[in-house]
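Encoded as structure tokens, the structure appears first; notes follow it.
Numbering (this note's numbering), first residue to last: -2 to 413.
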């Protein structure tokens, strides 16, 4: 069995199997696992919506469980839950994922259900009307959480002019206009063999899962490949302040970077970890929280798309501390740009990052979905050794360059 090393842990490596008609299967074999994970990753998200379809990809994700040619919503809900499993889905700007986690021995049940949803969903009008209000409530409740909503608004400004810009959820007005015809159209043009990767992690062998997927997904339409990658928008600079009622000021500062296909993506991830990663020793956590107690949390994150990427830093603070926090962030970026990350500090940062990655790799759900996403967008899985080599190859100059990029970053602030 092929295996990969994550730190001192040896894990089974993902394998990619091309099935009948070109359908791809990503399989990770865990012979002793007591549970399986099976699903589909579809290269279709909010960026694939047509001009009048804002929110459609997410609406389809919600309503795909509401009835197929042979199952009612009640039967769909109970199919996996009856054996102690669960059924779930999520949407991003460029993909949709449907999957089930279930006790071992139920892979056939899961595969048949996921295939039925992907191929035969009908989106009955009565069920859509009920779910429409759920989605609108989700939109409104998201707006009531400024620490989350600010990221979407930042992306709308930073990615303006690109299909990536608009909010995944859409608006209440746009969701009101979506019906069965739009949902079925989105399914038929996107849920095709060339746009879908099936994934499985669990005790069943590759041969058995291959036979199962071939049989269950036989009717999945062939379709055409997703060859259109939207051009990257031109980088823009903005410094916007929006007034909201609330007890706290929220700020996102960020800059555009290279995307999923760039060799520099690993440097971007390492840079984010250094300045605002989950460790308490990240630069901004030390400056804003540990030394001065100005924020409860400060975090850096990356968003990688096929045409571009974003690196952002978020912090929430009292309104009278906002200017000071901004200045401290700018000072930190400037120090990094001037070479504050020395070879010895960079070596320690790489060790920390790779250790975090080793721990994260223990999460089977995240690992199989990351492998499926890699195949969906890059045509291959990423090896642990390859990722480790890419991280180790990041130089002090790479980190300093990203520091310079953040020195001219854009700001969005929700103030009270």
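Note that beta-carbon positions come from the ideal geometry of N, C-alpha and C, so glycine has one too.
Everything numeric in this text was worked out from a predicted model, so none of it was measured.
Point to revise | Element boundaries [alpha helix (DSSP H), containing residue 410] | key: Numbered from its first residue, the chain shown carries residue 410 at position 413. For residue 410, there is no enclosing alpha helix (DSSP H); the enclosing beta strand (DSSP E) has its first and last residue at 407 to 412.
Check your understanding: In angstroms, rounded to a whole number, what distance separates the CA positions of residue 106 and residue 116?
Key -> Looking up residue 106 in the chain shown gives position 109. Looking up residue 116 in the chain shown gives position 119. Straight-line Cα distance between these residues: approximately 16 angstroms.
Point to revise | residue -2, DSSP secondary structure in three states | key: In the chain shown, residue -2 corresponds to position 1, counting from 1. Residue placement at residue -2 cannot be trusted, given a pLDDT of 46 that sits under 50; the coordinates are not used to answer.
Check your understanding: DSSP three-state call for residue 370: helix, strand or coil?
Key -> The sequence position of residue 370 within the chain shown is 373, counting from 1. Taken through DSSP and simplified to helix, strand or coil, residue 370 comes out as helix.
Exercise for review: Answer yes if the segment 368 to 380 comes into contact with the segment 320 to 337, meaning at least three C-beta pairs across the two stretches below 8 angstroms, and no otherwise.
Suggested key: With a cut-off of 8 angstroms on Cβ pairs, the segment 320 to 337 is not in contact with the segment 368 to 380, counting fewer than three such pairs.
Exercise for review: Starting from residue 397, follow the alpha helix (DSSP H) in both directions and report where the run begins and ends.
Suggested key: Counting from one through the chain shown, the residue named residue 397 turns up at place 400. First-last of the alpha helix (DSSP H) with residue 397: 393 to 404.
Point to revise | Inter-residue spacing [alpha-carbon to alpha-carbon] between residue 413 and residue 148 | key: The count along the chain shown starts at 1 and reaches residue 413 at position 416. The count along the chain shown starts at 1 and reaches residue 148 at position 151. Looking at the backbone, the Cα of residue 413 and that of residue 148 are separated by about 17 angstroms.
Review point. Does DSSP classify residue 83 as helix, strand or coil?
Key: The residue labelled residue 83 in the question sits at position 86 within the chain shown. Correct three-state label for residue 83: strand.
Check your understanding: How about residue 66 and residue 125: do their beta carbons lie closer than 8 angstroms?
Key -> As a first step, residue 66 is located in the chain shown; it is residue number 69 there, counting from the start. As a first step, residue 125 is located in the chain shown; it is residue number 128 there, counting from the start. Not closer than 8 angstroms, so no.
Check your understanding: Do you know offhand how far residue 203's Cα is from residue 196's?
Key -> Translated into the one-based positions of the chain shown, residue 203 becomes position 206. Translated into the one-based positions of the chain shown, residue 196 becomes position 199. Each residue's Cα considered, the two are about 11 angstroms apart.
**Study point:** Best match in 81, 311, 236 and 127 for proximity to residue 146 [C-alpha to C-alpha]
**Key:** In the chain shown, the residue the question calls residue 146 occupies position 149. Nearest Cα to residue 146 within the set 81, 311, 236 and 127: 311.
Exercise for review: Mark residue 3 as exposed unless 16 or more other C-beta atoms lie within 10 angstroms of its C-beta, in which case mark it buried.
Suggested key: Reading the chain shown from its first residue, position 6 is the one you call residue 3. Confidence in residue 3 is poor, its pLDDT being 48 and thus under 50, which makes the residue's placement too unreliable to answer from.
Check your understanding: Comparing alpha-carbon positions, which option in 76, 307, 101 and 58 lies nearest residue 37?
Key -> As a first step, residue 37 must be located in the chain shown, where it is residue number 40. Of 76, 307, 101 and 58, the smallest CA-CA separation from residue 37 is found for 58.
Practice item. Output the distance between the C-alpha atoms of residue 398 and residue 326, rounded to the nearest integer angstrom. Key: Here residue 398 corresponds to residue number 401 of the chain shown, with the count starting at 1. Here residue 326 corresponds to residue number 329 of the chain shown, with the count starting at 1. Rounded to the nearest whole angstrom, the C-alpha separation of residue 398 and residue 326 is 16 angstroms.
Practice item. To the nearest angstrom, report how far apart residue 291 and residue 407 are at their CA atoms. Key: For the purposes of this step, residue 291 is taken as residue 294 along the chain shown, with counting starting at 1. For the purposes of this step, residue 407 is taken as residue 410 along the chain shown, with counting starting at 1. Linking residue 291 to residue 407 through their CA atoms gives a straight-line distance of about 21 angstroms.
Review point. So residue 309 is in the alpha helix (DSSP H); what residue range does that whole segment cover?
Key: Working through the chain shown from its first residue, we reach residue 309 at position 312. Unbroken run through residue 309 is the beta strand (DSSP E), 306 to 314; no alpha helix (DSSP H).
Check your understanding: The alpha helix (DSSP H) spanning residue 330 covers which residue range?
Key -> Along the chain shown, one-based indexing puts residue 330 at 333. Its alpha helix (DSSP H) spans residues 319 to 334.
Point to revise | Whole-angstrom distance between residue 363 and residue 187, CA atom to CA atom | key: Against the chain shown, residue 187 aligns to sequence position 190. Against the chain shown, residue 363 aligns to sequence position 366. A direct Cα-to-Cα measurement between residue 187 and residue 363 gives close to 24 angstroms.
Review point. What number of angstroms, rounded off, separates the C-alpha of residue 253 from the C-alpha of residue 72?
Key: Locating residue 253 in the chain shown gives position 256, where the first residue counts as 1. Locating residue 72 in the chain shown gives position 75, where the first residue counts as 1. For residue 253 and residue 72, the distance between alpha carbons rounds to 45 angstroms.
Check your understanding: Would you call the segment 172 to 186 and the segment 16 to 27 in contact, with 3 or more CB pairs under 8 angstroms?
Key -> They do not touch, by the three-pair rule.
Review point. Between the beta-carbon of residue 23 and the beta-carbon of residue 172, is there less than 8 angstroms?
Key: For the purposes of this step, residue 23 is taken as residue 26 along the chain shown, with counting starting at 1. For the purposes of this step, residue 172 is taken as residue 175 along the chain shown, with counting starting at 1. In this structure, residue 23 keeps its C-beta atom at 8 angstroms or more from the C-beta atom of residue 172.
Exercise for review: Kindly list the residues whose CB is nearer than 7 angstroms to the CB of residue 329, restricted to its own chain and excluding five residues on each side of it in sequence; keep chain order.
Suggested key: Numbered from its first residue, the chain shown carries residue 329 at position 332. Hits under 7 angstroms: 272, 280, 281 and 284.
**Study point:** Coarse secondary structure for residue 4, derived from DSSP in three states
**Key:** Translated into positions along the chain shown, residue 4 becomes position 7. At residue 4, the pLDDT of 46 sits below 50, so the modelled position is not reliable and the matter cannot be decided from this model.
**Study point:** N- and C-terminal bounds of the alpha helix (DSSP H) containing residue 100
**Key:** Along the chain shown, read from residue 1 onward, the residue named residue 100 stands at position 103. From DSSP, residue 100 is part of no alpha helix (DSSP H) but of the beta strand (DSSP E) over 93 to 100.
**Study point:** Straight-line Cα distance separating residue 176 from residue 307
**Key:** Along the chain shown, one-based indexing puts residue 307 at 310. Along the chain shown, one-based indexing puts residue 176 at 179. CA-CA distance, residue 307 to residue 176, rounds to 33 angstroms.
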